[in-house]
Amino acid sequence: MHECFVYSSHAQVLQVTFWHAYRDFFSNSKVVEQLLSASEVIKNVQVAFPAAQAKLWADERGGKKFVIAGIGFRKGGGEYTRRGVVLTRS
Numbered sequence: 007m008h009e010c011f012v013y014s015s016h017a018q019v020l021q022v023t024f025w026h027a028y029r030d031f032f033s034n035s036k037v038v039e040q041l042l043s044a045s046e047v048i049k050n051v052q053v054a055f056p057a058a059q060a061k062l063w064a065d066e067r068g069g070k071k072f073v074i075a076g077i078g079f080r081k082g083g084g085e086y087t088r089r090g091v092v093l094t095r096s
């Protein structure tokens, strides 16, 4: 996940975006281990990013989103889009 995301005290990523990045990155891998569930990935995000925190964020209009605060997209760390999270491995 460090190839796609980086610690950033002022950034946050939607939890579903982080999960999709994990799933897409490892689903084409030759790893034989079963993928973690979405909830396990979110619960364990601090293993990879100790300063990150999963939380519920409310925007200025009162809309609520599940985010991971403290991480952002790594610039040039792979090919991806922010909506459909497309990752390529080197």
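Under my numbering, the first residue of the sequence shown carries the number 7, and numbering increases by one thereafter.
Ideal Cβ positions, reconstructed from N, Cα and C, are used throughout, including at glycine.
Note that the structure is predicted; figures quoted are calculated from it, not measured.
- [ ] Consult DSSP for alanine 64 and reduce its assignment to one of helix, strand or coil.
- [x] strand
TODO: Look up lysine 49 in the DSSP assignment and say whether it is helix, strand or coil.
DONE: helix
- [ ] Please determine, among Glu9, Trp25 and Ala58, the residue with the shortest C-alpha to C-alpha distance to histidine 16.
- [x] Ala58
- [ ] Starting from the Cα of glycine 78, find the closest Cα among Met7, Arg29 and Val19 and give me that residue.
- [x] Val19
Open item on the list: Suppose you measure from the CA of arginine 29 to the CA of alanine 44; what does that come to, to the nearest Å?
Closed with: 9 angstroms
Open item on the list: Among Ala27, Leu41, Thr23 and Lys36, whose alpha-carbon lies nearest the alpha-carbon of phenylalanine 72?
Closed with: Thr23
- [ ] Output yes or no for whether 8 angstroms exceeds the beta carbon distance between glycine 76 and phenylalanine 55.
- [x] yes
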